[in-house]
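Heads up: the structure comes next, in structure tokens.
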Amino acid sequence: MEMLQKKSSIETEPMTLHFDQIKRAREEAMYVTKTKSFEEAMDIFTKETQESLRAQENRGRCSNMKGDDDENERLIFLSPHGWDIASAPF
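Using the working numbering, the letters of the sequence shown map in sequence onto residues -12 to 77.
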């Protein structure tokens, strides 16, 4: 009987960026984190997510969302265990 080989789901996803594009995105992210305040950087990195949530809310899909959720999300990123923005491959 053969052993099943496990792969993480990320390995089965199609690549969306080439390595040079990922490298460039990381460089740009480092530039933003070094030249902008924390709040400005968070706005830059989460702009599309926030716009998407607002659009869903306008269509009635997120009717229970409150306007103060952005502050709670910011606190997550302040945690020492939060995401490392500079190394995220976007």
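C-beta: ideal position from N, C-alpha, C; glycine also.
Between Val19 and Ile9, the C-beta gap is not smaller than 8 Å, which leaves the two residues out of contact. Here Lys34 has no same chain residue with a Cβ atom under 8 Å from its own Cβ, once five neighbours each way along the sequence are excluded.
Under the three-state reduction of DSSP, Ser24 is assigned to coil, being neither helix nor strand. In the three-state DSSP reduction, Glu0 falls in the coil class, being neither helix nor strand.
The DSSP-derived three-state label of Gln37 is helix.
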